[in-house]
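*Asks:* What follows is a structure written as structure tokens; I'll ask about it next.
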Amino acid sequence: MRVMHIVGARPNFMKVAPVIRAMDGHPGRFQQRLVHTGQHYDYQMSALFFEELHIPQPDHNLEIGSGPHGVQTGHMLAECERVMQAERPEWVLVYGDTNSALAGSLAAAKLHIAVAHVEAGLRSFDRSMPEEVNRIVTDQVSDLLFTPSQDGDDNLAREGISPAKVRLVGNVMVDSLAAAQAQEDRLQHPIAPGLADLMARLAGHLYVLVTLHRPSNVDDPATLGAILSALVQVAGAAPVVFPVHPRTQERMKALGPARWPGGLHLFEPLGYFDFLALMRKAAVVVTDSGGVQEETTYLGVPCLTVRPNTERPITITHGTNRLAPPGGKALALAIMETLEGKGAAKHKGPPPLWDGHAAERIVRAMLDS
Ligand code: UD1
Ligand code: UDP
Numbered sequence: 004m005r006v007m008h009i010v011g012a013r014p015n016f017m018k019v020a021p022v023i024r025a026m027d028g029h030p031g032r033f034q035q036r037l038v039h040t041g042q043h044y045d046y047q048m049s050a051l052f053f054e055e056l057h058i059p060q061p062d063h064n065l066e067i068g069s070g071p072h073g074v075q076t077g078h079m080l081a082e083c084e085r086v087m088q089a090e091r092p093e094w095v096l097v098y099g100d101t102n103s104a105l106a107g108s109l110a111a112a113k114l115h116i117a118v119a120h121v122e123a124g125l126r127s128f129d130r131s132m133p134e135e136v137n138r139i140v141t142d143q144v145s146d147l148l149f150t151p152s153q154d155g156d157d158n159l160a161r162e163g164i165s166p167a168k169v170r171l172v173g174n175v176m177v178d179s180l181a182a183a184q185a186q187e188d189r190l191q192h193p194i195a196p197g198l199a200d201l202m203a204r205l206a207g208h209l210y211v212l213v214t215l216h217r218p219s220n221v222d223d224p225a226t227l228g229a230i231l232s233a234l235v236q237v238a239g240a241a242p243v244v245f246p247v248h249p250r251t252q253e254r255m256k257a258l259g260p261a262r263w264p265g266g267l268h269l270f271e272p273l274g275y276f277d278f279l280a281l282m283r284k285a286a287v288v289v290t291d292s293g294g295v296q297e298e299t300t301y302l303g304v305p306c307l308t309v310r311p312n313t314e315r316p317i318t319i320t321h322g323t324n325r326l327a328p329p330g331g332k333a334l335a336l337a338i339m340e341t342l343e344g345k346g347a348a349k350h351k352g353p354p355p356l357w358d359g360h361a362a363e364r365i366v367r368a369m370l371d372s
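Add 3 to the 1-based position in the sequence shown for our numbering, that's all there is to it.
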């Protein structure tokens, strides 16, 4: 089976790694091609994950880079079409809800190449979120839809997608996480400058880990300022560690030096193992990331998601996630309460099929298709 994986942004890499490995586990059955759109390109947003997760070098790097949605997605669409015409895969696999997934699925569908969507069916029901549009369109043009949880199947049925195309396989992000968790030696030896010292000082103490990159939180200076002031407030009581996504770095710089948050432990975006090493021992994780909501649920670490909604409701009903307001005082209060152990959901264990074997189920479903 000739398959082509399309990836491009940070969360795509944790999802593709186990699928490539699972296909490699069936010698002679798959001819795999890997396409990197170049949506993310900084070393610590891309190449670092290829090294850490042992992802093979891409066969094609489209080097699209950053840009407004139309420009970025349009360039990706044209370039994906070019490589698909050259390689003529039988299946194109796309991952998650990024512009790279949208472009890959559209290009394939127009060329009558079968599309498999890994992480299908998630819905925030909030179309102001660019990813929601990507999810809906990608699912509509997909031929096989791999869902991480039952709510995904329900959403797809409601949108008229035939259940015959849908397979509930579990969460591929957890496949990567479970494999990384087993590498204790690597987790004990952080590589980011200054992180080993900080982790030694944090050992045995309650601390907060933060990631933020949603346009709704970071693009508006007033909202970003309110979130940062909450974090500065919390930093008076507990260390706050904040690896800063490039989008957020740009927006923080634009706020000017007078409003640069003092007292936080700021880092460049971290590698996968460094981030996991911090996450697993954090007292609370404050985030707007999709993947981090899932990872904290798997690990049983309390999570506050700074958003009015989530496309991953199972992390609330089954996991340790709660929604939090993006406002200064209310957010600071929610973080402080969680630090004190108040309001945290009881860990019920990982949701069904979040067991480290989702990629194997995907591969078996493709072989049976
Ligand atoms: C993208 C995805 C989002 C995902 C996130 C994960 C879409 C619509 N958005 O958002 O779903 O949650 O990735 O991290 O696909 N930049 C750099 N270096 C890089 C990459 C980006 O400096 O390697 C900067 C650029 O200024 C760029 C900005 O970050 O304009 C945003 O990058 P982009 O990929 O457009 O969106 P993300 O916010 O990263
Ligand atoms: N992550 C990481 N380093 C960081 C922040 C996050 O390795 O500094 C990992 C995190 O553990 C998860 C993935 O990046 O596996 C989530 O990606 P991101 O938050 O960029 O995207 P989203 O999931 O929101 O689409």
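C-beta atoms are modelled at their ideal positions from N, C-alpha and C, and glycine is treated no differently.
Between which two residues does the alpha helix (DSSP H) carrying Gln60 extend?
*Replies:* Here residue 60 is taken as the residue at index 57 of the sequence shown, counted from 1. No alpha helix (DSSP H) holds Gln60; DSSP gives it neither H nor E.
*Asks:* Taking the beta carbon of Gln34 as the centre, do at least 16 other beta carbons fall within 10 Å, making it buried, or is it exposed?
*Replies:* On the sequence shown, residue 34 is found 31 positions in, with the first residue counted as 1. Under the 10 Å beta carbon count, Gln34 is surrounded by fewer than 16 other beta carbons and is classified as exposed.
*Asks:* What residues in its chain sit with their C-beta under 6 Å from that of Arg254, if we drop five residues either side in the sequence?
*Replies:* If you number the sequence shown from 1, residue 254 lands on position 251. Setting aside the 5 residues that flank it on each side, Arg254 is surrounded in the same chain by Val221, Leu227, each with a C-beta closer than 6 Å to its C-beta; the list follows chain order.
*Asks:* Go ahead and pull the three-state DSSP assignment for Ile365.
*Replies:* What you label residue 365 is simply residue 362 of the sequence shown in a count that begins at 1. Helix.
*Asks:* Please tell me whether Phe245 and His268 are closer than 8 Å, where the distance is taken between their beta carbons.
*Replies:* Position 242 of the sequence shown, counted from the start, is the residue given in the question as residue 245. Position 265 of the sequence shown, counted from the start, is the residue given in the question as residue 268. Closer than 8 Å, so yes.
*Asks:* Would you tell me roughly how many angstroms separate the C-alpha atoms of Arg189 and Phe276, rounded to the nearest one?
*Replies:* For the purposes of this step, residue 189 is taken as the residue at position 186 of the sequence shown. For the purposes of this step, residue 276 is taken as the residue at position 273 of the sequence shown. Straight-line Cα distance between these residues: approximately 7 Å.
*Asks:* Mapping DSSP to helix, strand and coil, what is Leu216?
*Replies:* Residue 216 sits at position 213 when you count from the first residue of the sequence shown. Note on residue identity: the sequence assigns His, not Leu, to residue 216. Here DSSP, grouped into helix, strand and coil, assigns His216 to coil.
*Asks:* Run through DSSP, which three-state label would Val121 get?
*Replies:* Counted from its first residue, the sequence shown places residue 121 at position 118. Val121: strand per DSSP, three-state reduction.
*Asks:* Since Leu231 is in the alpha helix (DSSP H), which residue starts that stretch and which ends it?
*Replies:* Numbered from its first residue, the sequence shown carries residue 231 at position 228. Per DSSP, Leu231 belongs to the alpha helix (DSSP H) from 224 to 238.
*Asks:* Would you say the beta carbon of Tyr301 comes nearer than 7 Å to a heavy atom of the ligand UDP?
*Replies:* Counting from 1 along the sequence shown, the entry for residue 301 is found at position 298. No, the Cβ of Tyr301 stays beyond 7 Å of every heavy atom of the ligand UDP.
*Asks:* If I measure Cβ to Cβ from Arg364 and keep anything under 6 Å in the same chain, skipping five residues before and after, which residues do I get?
*Replies:* The sequence position of residue 364 within the sequence shown is 361, counting from 1. Cβ neighbours of Arg364 beyond the five flanking positions: Val172.
*Asks:* When DSSP labels each residue in this structure, what does Arg5 get in the three-state scheme?
*Replies:* On the sequence shown, residue 5 is found 2 positions in, with the first residue counted as 1. The three-state secondary structure of Arg5, taken from DSSP, is strand.
*Asks:* Can you name the residues that DSSP bridges to Cys83?
*Replies:* If you number the sequence shown from 1, residue 83 lands on position 80. Cys83 pairs with nothing; no bridge assigned.
*Asks:* When you measure from the CB of Asp129 to every non-hydrogen atom of the ligand UD1, does any distance come out below 7 Å?
*Replies:* What you label residue 129 is simply residue 126 of the sequence shown in a count that begins at 1. Incorrect: Asp129 has no Cβ contact closer than 7 Å to the ligand UD1.
*Asks:* Which complete beta strand (DSSP E) runs does the stretch 105 to 150 hold, if anything under 3 residues is left out?
*Replies:* Taking only runs of at least 3 residues, the beta strand (DSSP E) segments lying wholly in the stretch 105 to 150 are 117 to 121, 147 to 150.
*Asks:* Once you ignore the five residues that flank Glu340 on each side, which residues in its own chain have a CB closer than 8 Å to its CB?
*Replies:* One-based indexing of the sequence shown puts residue 340 at position 337. Once the five neighbours on either side are set aside, the close Cβ partners of Glu340 are Gly346.
*Asks:* When the Cα atoms are used, what is the spatial distance from Ser49 to Asp154?
*Replies:* Residue 49 sits at position 46 when you count from the first residue of the sequence shown. Residue 154 sits at position 151 when you count from the first residue of the sequence shown. Ser49 and Asp154: Cα-Cα distance of roughly 30 Å.
*Asks:* Please give the ranges of any beta strand (DSSP E) in the stretch 160 to 207, keeping only runs that are unbroken, at least 3 residues long and fully inside the region.
*Replies:* Every beta strand (DSSP E) stretch that sits fully inside the stretch 160 to 207 and reaches 3 residues is listed by chain position as 169 to 171.
*Asks:* The alpha helix (DSSP H) with Tyr301 in it runs from where to where?
*Replies:* Locating residue 301 in the sequence shown gives position 298, where the first residue counts as 1. Its alpha helix (DSSP H) spans residues 293 to 302.
*Asks:* If you check the beta carbons only, do Ser145 and Ser108 fall under 8 Å apart?
*Replies:* In the sequence shown, the residue the question calls residue 145 occupies position 142. In the sequence shown, the residue the question calls residue 108 occupies position 105. In contact: Ser145 and Ser108 (Cβ atoms closer than 8 Å).
*Asks:* Assign Phe128 to one of two classes, buried (16 or more other C-beta atoms within 10 Å of its C-beta) or exposed (fewer than that).
*Replies:* Against the sequence shown, residue 128 aligns to sequence position 125. The Cβ neighbour count for Phe128, taken over all protein chains shown within 10 Å, is under 16; the residue is labelled exposed.
*Asks:* Assign Leu258 to one of three DSSP states: helix, strand, or coil.
*Replies:* Residue numbering aside, residue 258 sits at position 255 when the sequence shown is read from its first letter. In the three-state scheme derived from DSSP, where H, G and I count as helix and E and B as strand, Leu258 is classed as helix.
*Asks:* Does DSSP put Val247 in a helix, a strand or coil?
*Replies:* Working through the sequence shown from its first residue, we reach residue 247 at position 244. Reduced to three states, the DSSP call for Val247 is coil.
*Asks:* Hey, quick one: how far does the beta strand (DSSP E) through Phe270 stretch, first residue to last?
*Replies:* In the sequence shown, residue 270 corresponds to position 267, counting from 1. Here the beta strand (DSSP E) through Phe270 covers 268 to 270.
*Asks:* Please work out which residues of its chain come closer than 7 Å, Cβ to Cβ, to Val237, disregarding the five sequence neighbours upstream and downstream, and give them in chain order.
*Replies:* Stepping through the sequence shown from its first residue, residue 237 is reached at position 234. Closer than 7 Å at Cβ, skipping near neighbours: Val211, Val243, Ala335, Ile338, Met339.
*Asks:* Measuring alpha carbon to alpha carbon, tell me which of Val287, Pro264, Gly239 ends up nearest Val304.
*Replies:* In the sequence shown, the residue the question calls residue 304 occupies position 301. Residue Val287 is the option with its Cα nearest to Val304.
*Asks:* Val175 and Ala361 - do their beta-carbons sit closer together than 8 Å?
*Replies:* Within the sequence shown, residue 361 is the residue found at index 358, counting from 1. Within the sequence shown, residue 175 is the residue found at index 172, counting from 1. Yes, they are a contact pair.
*Asks:* The beta strand (DSSP E) that contains Tyr98, what's its start and end?
*Replies:* As a first step, residue 98 must be located in the sequence shown, where it is residue number 95. Residues 94 to 98.
*Asks:* Considering only residues of the stretch 7 to 55, which uninterrupted alpha helix (DSSP H) runs meet the minimum length of 4 residues and lie entirely inside it, listed in chain order?
*Replies:* 13 to 27, 50 to 55
*Asks:* Here's a check: name, in chain order, each residue in its chain whose Cβ is nearer than 8 Å to the Cβ of Val295, leaving out the five neighbours to either side.
*Replies:* Residue 295 sits at position 292 when you count from the first residue of the sequence shown. Cβ within range, chain order: Thr214, Met282, Val288, Cys306.
*Asks:* Let's test the definition: count the other Cβ atoms within 10 Å of the Cβ of Leu198 and tell me whether it reaches 16, buried, or not, exposed.
*Replies:* As a first step, residue 198 is located in the sequence shown; it is residue number 195 there, counting from the start. With 16 or more other Cβ atoms within 10 Å, it is buried.
*Asks:* Tell me whether Pro14, by its Cβ, gets closer than 7 Å to a heavy atom of the ligand UDP.
*Replies:* Along the sequence shown, one-based indexing puts residue 14 at 11. Yes, the ligand UDP has a heavy atom inside 7 Å of this Cβ.
*Asks:* Identify, in the order they occur along the chain, each residue of the same chain with its Cβ nearer than 8 Å to the Cβ of Glu66, setting aside the five sequence neighbours on each side.
*Replies:* Mapped onto the sequence shown, residue 66 falls at position 63. Correct list, in chain order: Gly41, Tyr44.
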